[in-house]
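Inspection log for the structure reproduced underneath, given as structure tokens.
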Amino acid sequence: MSNIRITKQFSFETGHALYGYDGKCKNVHGHSYKLSVTVIGTPITDRSNVKFGMVIDFTDLKKIVKEEIVDQFDHATVFNGTTPHIELANELMSRGHHVILVDYQPTSENMVVDFSQRIINRLPQGITLFSLKLQETESSFAEWFASDNMKSIL
1 MSNIRITKQF SFETGHALYG YDGKCKNVHG HSYKLSVTVI GTPITDRSNV
51 KFGMVIDFTD LKKIVKEEIV DQFDHATVFN GTTPHIELAN ELMSRGHHVI
101 LVDYQPTSEN MVVDFSQRII NRLPQGITLF SLKLQETESS FAEWFASDNM
151 KSIL
């Protein structure tokens, strides 16, 4: 049986700021992110299985990505918690804002790496994360491919 790639797209709104950056992105701002998640696997061949012919049910993939990423990052503000932004984060949290503290600079590049690990940890056996594309604007995005990261996956 052939390996097949399937892709599901998601969108969410997230704010962030890049501590120490020398451009506009040092300011707190937000993006309407679009995330494309592509997995690869062999379609189920058991005719008695209700998911016969599927690599993974799109609903199952949606549940994983929604729980691990969309529900957590949508309408949140992400700060690098290892910088002085922690003070701003604490102030916002004390006022009831949804803030996520990460141990990296919250660029699209670093976020897509974080997202890859969150998804990999939840995929069922036989299904592999093939790629992610995190688009922060109409013309700017970061991509993660398993084939470029084989050592970090193993």
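Under full-length UniProt numbering, the first residue of the sequence shown is numbered 1, with each subsequent residue one higher.
No residue lacks a Cβ here, since even glycine has one placed at the ideal position from N, Cα and C.
{"query": "Residue 155, buried or exposed, once every other Cβ within 10 Å from all chains shown has been counted against 16", "result": "No information on residue 155 is available, as it lies outside the stretch 1 to 154 that the chain covers here."}
{"query": "Secondary structure of leucine 61, DSSP reduced to three states", "result": "helix"}
{"query": "Per-residue burial, glutamate 136 [other beta carbons within 10 Å of its own, 16 or more giving buried]", "result": "buried"}
{"query": "Selected residue, minimal CA-CA separation from serine 64, among Trp144, Leu129, His97", "result": "What sits at residue 64 in the sequence shown is isoleucine, not serine. Out of Trp144, Leu129, His97, Leu129 has the C-alpha closest to the C-alpha of isoleucine 64."}
{"query": "Closest by C-alpha distance to alanine 142, when choosing among Val78, Gly20, Glu109", "result": "Glu109"}
{"query": "Rounded C-alpha distance that separates isoleucine 4 from isoleucine 40", "result": "5 Å"}
{"query": "Cβ neighbours of methionine 1 in the same chain (closer than 7 Å, five flanking residues each side left out)", "result": "Thr42, Pro43, Thr45"}
{"query": "From Lys8, Leu132, Thr14, residue whose alpha carbon lies closest to that of histidine 97", "result": "Thr14"}
{"query": "Run of the beta strand (DSSP E) containing glutamine 117, from where it starts to where it stops", "result": "Run containing glutamine 117: none in the beta strand (DSSP E); it sits in the alpha helix (DSSP H), 108-120."}
{"query": "Nearest-angstrom Cα separation, counted from glutamine 125 out to lysine 51", "result": "15 Å"}
{"query": "Bridge partner(s) assigned by DSSP for glutamate 91", "result": "Looking at the DSSP assignment, glutamate 91 forms no beta bridge with any residue, so it has no partner."}
{"query": "Phenylalanine 12 beta carbon less than 8 Å from that of valine 70", "result": "yes"}
{"query": "Distance, valine 28 Cα to aspartate 22 Cα", "result": "13 Å"}
{"query": "Proximity of valine 102 and glycine 81 at Cβ, strictly below 8 Å", "result": "yes"}
{"query": "Beta strand (DSSP E) segment containing isoleucine 40, residue limits", "result": "29-41"}
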